[in-house]
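Trainee: My structure is below; once you've seen it, I'll send some questions.
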Amino acid sequence: YFNHQFMELFPNQPLSNTPIKNIVCDSLASAQAQYDMLFEHGIFVSYLRYPTVSQPTLRISLSYFHDTDDINRLFNVMKQYDEGDSYV
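The C-terminal residue of the sequence shown carries number 88 in UniProt numbering, and the numbering is unbroken.
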């Protein structure tokens with residue numbers, strides 16, 4: 001379910017079959033803005049930047065305790081973030 005939603009919103013992002021998903025952003029500003037928006041909505045993701053990764057990355061860690069409502073909420077907030085080409 002997550003992967004289907006993920007590919008609709010981020011067709012250019014690499015897909016992973018693991019519970020850890022990465023969203024590579026094109027700038028620190030867009031990554032920070034997306035991270036802040038998710039945090040304000042009570043969604044906690046990791047925000048990785050250089051030198052840990054070569055490009056700013058948001059990391060989502062799924063667990064057994066996340067249900068479809070949680071995933072829908074995550075993607076609804078991400079869809080609200082509209083700043084043009086913010087994702088690689």
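C-beta atoms are modelled at their ideal positions from N, C-alpha and C, and glycine is treated no differently. All of these numbers come straight from a predicted model, not from anything done at the bench.
Could you check where the beta strand (DSSP E) with residue 58 kicks off and where it finishes?
Mentor: To locate residue 58, count along the sequence shown from 1; it is residue 58. Here the beta strand (DSSP E) through residue 58 covers 57–61.
Trainee: Assign residue 19 to buried or exposed, taking buried as 16 or more other Cβ atoms, counted over all protein chains shown, within 10 Å of its Cβ.
Mentor: Along the sequence shown, read from residue 1 onward, the residue named residue 19 stands at position 19. Its Cβ having fewer than 16 others within 10 Å, residue 19 is exposed.
Trainee: Cutting at 6 Å between CB atoms, please list the residues of its own chain near residue 46, excluding the five before and the five after it.
Mentor: Position 46 of the sequence shown holds residue 46. Excluding sequence neighbours, residue 46 sits near 59.
Trainee: Going by C-alpha to C-alpha distance, which of 34, 65, 53, 52 sits closest to residue 77?
Mentor: Translated into positions along the sequence shown, residue 77 becomes position 77. With distances taken between Cα atoms, residue 77 lies closest to 34.
Trainee: DSSP beta-bridge partners for residue 64?
Mentor: Against the sequence shown, residue 64 aligns to sequence position 64. Bridge partners of residue 64: none, in fact.
Trainee: Residues in the same chain with beta-carbon distance under 7 Å from residue 9, minus the five sequence neighbours each way, listed in chain order, please.
Mentor: Walking along the sequence shown from the start, residue 9 turns up at place 9. Excluding positions up to five away in sequence, the list reads 75, 78, 79.
Trainee: So residue 23 and residue 57 are in contact, right, with Cβ under 8 Å, and what is the actual spacing, rounded?
Mentor: Here residue 23 refers to the residue found at position 23 when the sequence shown is read from its first residue. Here residue 57 refers to the residue found at position 57 when the sequence shown is read from its first residue. Right, their Cβ atoms sit about 7 Å apart.
Trainee: DSSP three-state label for residue 3, please.
Mentor: In the sequence shown, counting from the first residue as 1, residue 3 sits at position 3. If DSSP states are grouped into helix, strand and coil, residue 3 belongs with the helices.
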